[in-house]
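Input: a single structure, listed below in structure tokens.
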Amino acid sequence: TDRARREFRAQKIDLIQFRSYGWPFLRVLSKASQLWCRLF
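Counted the way the working numbering counts, the sequence shown spans residues 3 to 42.
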């Protein structure tokens with residue numbers, strides 16, 4: 003059970019990292035796609 007708890011904590015940390023790094027990246031991607039649609 004201790005190992006499962008540790009793994010769960012690691013997954014939680016991954017989620018937090020994705021939230022801090024993934025969302026700005028997605029925002030930039032959406033802006034880039036909007037610019038792309040405007041250009042072409």
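Note that the Cβ used here is the ideal one computed from N, Cα and C, for glycine as well.
Between LEU31 and ASP16, the alpha-carbon positions lie close to 21 Å from each other. Distance from the CA of ARG21 to the CA of ARG40, rounded to the nearest whole angstrom, comes to 28 Å. Here the alpha carbons of ALA12 and TRP38 stand approximately 37 Å from one another. The DSSP-derived three-state label of PHE42 is coil.
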